[in-house]
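This report concerns only the one structure given below.
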Amino acid sequence: MRCYVPRVSSPTVSTQPSGAPGFPVRTLRIEVTDGPDAGLSHVAESDTLSIGTASSNEVVLHDATVSRFHVELVARSDGILVIDQGSTNGTTCGPVRIERAVVASGSTLTIGRSTLRVGEGAEVTVELHEGDSLGALVGRTPTMRRLMAQLRRAASSDVPVLLVGESGTGKELAARALHDLGPRADRPFVTVDCGALSPSLVASELFGHEKGAFTGADTQHVGAFERADGGTLFLDEIGELPASLQPALLGALERRRFRRVGGRNEIAVDVRVVSATNRDLRAEVNAGSYRLDLYYRLAVVVLRIPPLRDRPEDVPMLVERFLRDDGHEGPIDAVVPPSRMVALCEHPWPGNVRELRNVVRATLALGELPEMDVPGLGGAPARPNGVTARADAALDGPYGEVRAAVLKDFERRYLRRLLDRAGGNVSKAARDAEMDRSHLAELLKRHGLR
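If you read the sequence shown in our numbering, its first letter stands for residue 577, the second for the next number, and so on.
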């Protein structure tokens, strides 16, 4: 038996249409050897498999000690990744209780009163996107090209999509791709960041309010549902939605009608809903903090955005894209020499693509890579073409003072331009910068900007 912490995971896949580029993956099979469903066997159609009592699992058990979403399995080259979904009674492999670990094919898992034997199934080929970009998403690894193929297929339908991924992985870019590639592309794309609003304002932002509905409601406000009519409503950080508002959102999604806060008349809308979260909503459902029926409404299709550490081969391509977007026209190795590019590929990137983009921008402003906890980033700094004239003029000063001054100048100029583009709207500016709103507010305060 092997049980150890994994390094990578795979998103959900589907089989390959005829004529499309493909990539082989191993499927999964399980056999229930003990418990109420003893004798049940199942062979998955892809490399992921969810098990629990909720009807949306691929394997539905009738064991009262099994949670609604109990465990997820992912086939990998080094074994089978087992992810417990915050279940009540846990998942064990022999004497070891598992939260997230890899086990060998043929291992036995115990969930509640049920015992399962898990193993590999047949090999299938999954579809890959033909190019290395889709909208603003970039990547040539099979993981990203598979996601792009899924996004392209999902865009053609009108079903709700839930995007799951860590902060900074590009969930809003994926949502935008779903909109731009779909039949609603010429209609509005409206974003509501549920995590950036106070609980008291979420209802007003979603549904709008009438004049006088509450203290400070001096005028009528049209909510996001109305503004997105005919188009796409993107609910970012949907896992942060207060429990008190979950029934109202569920009702609006089911009836396609709602009332403004303080209003009497129902308003009918036609929107496609795409939502995103960095939390495990299935675990929230198990814990009772998230409604199962709302989860079903939002997660008709679930797509997982991989963290950057799971696709390090995409780092050079992303660096080039960010440099070009910021106006650098010279050779890439003038900014990031090959040895340092290798080090960037080895960095774990806890902030994912957003962190990499900020590092690239800081490199252009400073003339060198900023300090990072990355092995191999020593040596003389590179001097990129296009480094700011202000930095060149101040090179005779002490290193620490010059660096601090250049970074401060870069931040101030960047923030001013960001606010100008967003019309002074901090929430919109945070979304445009792919930055946490609280962090942006802190930077604005530090530089005396409003």
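Cβ coordinates follow ideal geometry from the N, Cα and C atoms, glycine included.
Keep in mind the model is a prediction, meaning the values are calculated, not measured.
Exposure label - residue i; buried when at least 16 CB within 10 Å
i	result
N841	exposed
H705	buried
D769	buried
G788	exposed
R721	buried
N1001	exposed
T939	buried
G682	exposed
D968	Note that D968 scores 47 on pLDDT, short of 50, meaning its location in the model is unreliable; the coordinates nonetheless yield the value given after this. With fewer than 16 Cβ atoms within 10 Å of its Cβ, D968 is classed as exposed.
V678	buried
P914	exposed
A698	exposed
A800	buried
D909	exposed
S617	exposed
G758	buried
E1018	exposed
E905	exposed
D901	exposed
Q767	For clarity, residue 767 is Thr in the given sequence; the question names Gln instead. Under this definition T767 is a buried residue.
L879	buried
V667	Correcting the residue identity first, residue 667 is Thr in this sequence and not Val. That one is buried.
R752	buried
R916	buried
P883	buried
R676	exposed
H638	exposed
First and last residue of the uninterrupted alpha helix (DSSP H) at residue i
i	result
L821	Counting along the chain, L821 falls outside any alpha helix (DSSP H), and DSSP gives it neither H nor E.
H904	First-last for H904: undefined, no H or E at that position.
C921	P914 to E922
P600	Per DSSP, P600 belongs to no alpha helix (DSSP H); it is in the beta strand (DSSP E), G598 to D610.
E842	Note, E842: premise wrong, no alpha helix (DSSP H); beta strand (DSSP E) at E842 to A844.
V1002	V1002 to D1008
V619	Looking at the DSSP string, V619 is not in any alpha helix (DSSP H); the run it does join, the beta strand (DSSP E), is S617 to V619.
P888	That residue, P888, is in no alpha helix (DSSP H); it is neither H nor E in DSSP.
R716	No alpha helix (DSSP H) holds R716; DSSP gives it neither H nor E.
A549	Any answer about residue 549 is impossible in this case: the structure gives the chain only from 577 up to 1026.
V931	A small correction: the amino acid at residue 931 is Glu; Val does not occupy that position in the sequence shown. Element bounds for E931: N928 to L942.
Where the beta strand (DSSP E) through residue i begins and ends
i	result
R693	S690 to E703
S776	No beta strand (DSSP E) holds S776; the alpha helix (DSSP H) holding it covers P775 to F783.
V911	Looking at the DSSP string, V911 is not in any beta strand (DSSP E), and its letter there is neither H nor E.
Per DSSP, cross-strand counterpart(s) of residue i
i	result
T624	V650
T668	R673 and T686
V768	L811
R760	Answer is none; R760 lacks a bridge partner.
G655	R652
L739	A852 and L879
R833	A844
S556	Nothing in the structure corresponds to residue 556, since the chain is present only between 577 and 1026.
D869	According to DSSP, which records beta bridges pairwise, D869 is partnered with nothing at all.
S560	Here the chain has residues from 577 to 1026 only, and residue 560 is not among them.
D660	V647
V635	I627
H797	H785
V895	The partner list for V895 (beta bridge, DSSP) is empty, contrary to what the question assumes.
Among the options, nearest to residue i - alpha-carbon criterion
i	options	result
S690	D613, L817, R993 and S776	D613
R844	V768, S709, V608 and D805	Arg is not the amino acid found at residue 844; the sequence shown has Ala there. The candidate whose alpha carbon is nearest that of A844 is D805.
S626	R835, A651, L940 and N1001	A651
A793	V837, R832, T808 and Y871	V837
Q796	F783, E830 and A698	F783
E696	R716, T853, D654 and P671	D654
T791	D901, G799, S776 and G682	S776
F810	V737, T684, G943 and R673	V737
I656	L894, R716, R644 and I674	I674
E987	A919, N934 and P883	N934
L754	I881, A730 and H1023	A730
V619	V694, A680 and G666	V694
D762	A750, V847 and R602	V847
D756	D734, G741 and V740	D734
R867	S820, L894, V850 and A852	S820
A828	Q661, G815 and A779	A779
S643	R937, V850 and T686	T686
T664	G688, E648 and T684	G688
D623	V636, I606 and D639	I606
R602	V918, E781, G1024 and T701	T701
G864	M1011, R760, D1008 and P818	P818
Determine, using beta-carbon pairs with one atom in the region 859 to 868 and one in the region 883 to 901, whether at least three such pairs fall under 8 angstroms. Put simply, the region 859 to 868 does not touch the region 883 to 901. Fewer than three CB pairs are less than 8 angstroms apart.
Any contact of the region 927 to 935 with the region 742 to 750, i.e. 3+ C-beta pairs under 8 angstroms? Contact between the region 927 to 935 and the region 742 to 750 is present, with at least three C-beta pairs closer than 8 angstroms.
Taking 8 angstroms as the cut-off, does the region 707 to 718 touch the region 870 to 877 (at least 3 CB pairs, one atom from each stretch)? When C-beta atoms of the region 870 to 877 are compared with those of the region 707 to 718, fewer than three pairs fall below 8 angstroms, so the two segments do not count as touching.
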